[in-house]
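**Q** Numbering (the working numbering), first residue to last: 365 to 610.
(1) Between residue 404 and residue 395, which are expected to be in contact by the criterion C-beta below 8 Å, what is the C-beta distance as a whole number of angstroms?
(2) Taking the continuous beta strand (DSSP E) assigned at residue 492, which residues delimit it?
(3) Cβ atoms of residue 475 and residue 498: under 9 Å apart, would you say?
(4) Identify every residue that forms a DSSP beta bridge with residue 390.
(5) Determine the contact status of residue 502 and residue 527, defining contact as a CB-CB distance below 9 Å.
(6) I'd like to know if the region 564-582 and the region 502-520 are in contact, where contact means that at least 3 CB-CB pairs between them fall below 8 Å.
(7) Just grab the DSSP bridge partners of residue 502 for me.
(8) Pull up the distance between the alpha-carbon of residue 588 and that of residue 510, whole angstroms please.
(9) Buried or exposed: where does residue 464 fall if 16 or more other Cβ atoms within 10 Å of its Cβ makes it buried?
(10) Using a Cβ-based criterion (distance less than 8 Å to any ligand heavy atom), does residue 482 qualify as near the ligand NAD?
(11) For residue 490 and residue 604, I'd like the C-alpha separation in whole angstroms.
(12) What does a CB cutoff of less than 8 Å around residue 582 pick up in its chain, not counting 5 residues either side in sequence?
(13) Quick one: using the 10 Å Cβ neighbour count with 16 as the cut-off for buried, is residue 470 buried or exposed?
(14) Would you say residue 610 and residue 597 are within 9 Å of each other, going by their C-beta atoms?
(15) Classify residue 453 as buried or exposed, calling it buried when 16 or more other Cβ atoms lie within 10 Å of its own Cβ.
(16) Skipping 5 residues on each side, what residues in its chain have a beta carbon closer than 7 Å to that of residue 431?
(17) Any Cβ of chain C within less than 9 Å of the Cβ of residue 549?
(18) Under the assumption that residue 607 contacts residue 500 (Cβ atoms under 8 Å), give the Cβ distance between them as a whole number of angstroms.
(19) Buried or exposed: which applies to residue 618, given that a residue is buried once 16 or more other Cβ atoms fall within 10 Å of its Cβ?
(20) First and last residue of the beta strand (DSSP E) that includes residue 598?
(21) Could you please give the first and the last residue of the uninterrupted beta strand (DSSP E) stretch that includes residue 406?
(22) Tell whether a beta-carbon distance below 9 Å holds between residue 514 and residue 401.
(23) Taking the C-alpha atoms as reference points, what is the distance between residue 407 and residue 446?
(24) Name the DSSP beta bridge partners of residue 568, please?
(25) By the 10 Å Cβ neighbour count, where 16 or more other Cβ atoms means buried, how is residue 516 classified, buried or exposed?
This is how it looks when you write it as structure tokens:
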């Protein structure tokens, strides 16, 4: 009798072992942890049998409050350790930071001169010297706030002045109602003043913090250092070369 030939499969699949989930009780937190994923899959406590719906909800609330209390306690303990670490290191850190500031401020004229000598007029405005990178940068134009309280007060004064001008021009506009050209002229003035008013109002948020970029362009030129004591801010036209040390 002929022996029947059978085709063998190209590959023989080996049985794949299914990894069983291992659940442990974490004694510190009284939670059930999946050792494979690290996830909390339950709590160690189980509710008493035979609880009605309300009692079961009360049990849930008690367990929830217990874990919330434990979490809050650990947060406080963690913060206590952080405060101790800060007290240990902050003083020394500040002394080193102050030393950096002193070195830069004391030797800035020398380093500025050296940087200018090495860099010259080239497009590249930086040079590496030892562990320092010296960069020459020109300041950008902008409003500098020296005293925020004075700045806020000054902006409010400008708003009062603008409101007064608008009221005066509206009154004159009404009196000249018969002359369209005069009416139109005052309307143009009022429209321009309203724009300035909105820009000034935008400089103040609910915390009365100055938004320097929103100051009306026409007012920036008036913010000279000569009246800094009154305004609390001044306009820096920029273009001054400064030394940046990195």
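C-beta atoms are modelled at their ideal positions from N, C-alpha and C, and glycine is treated no differently.
**A** Quick look at the numbers:
(1) 5 Å
(2) 490-493
(3) yes
(4) 395
(5) no
(6) yes
(7) 605
(8) 12 Å
(9) exposed
(10) Looking at this structure, you won't find the ligand NAD or any other ligand, since it has none at all.
(11) 16 Å
(12) 560
(13) exposed
(14) no
(15) exposed
(16) none
(17) In the displayed structure, chain C is absent; only one protein chain is listed.
(18) 6 Å
(19) Lying outside 365 to 610, the shown extent of the chain, residue 618 is not represented and no answer is given.
(20) 597-600
(21) 404-407
(22) no
(23) 29 Å
(24) 574
(25) buried
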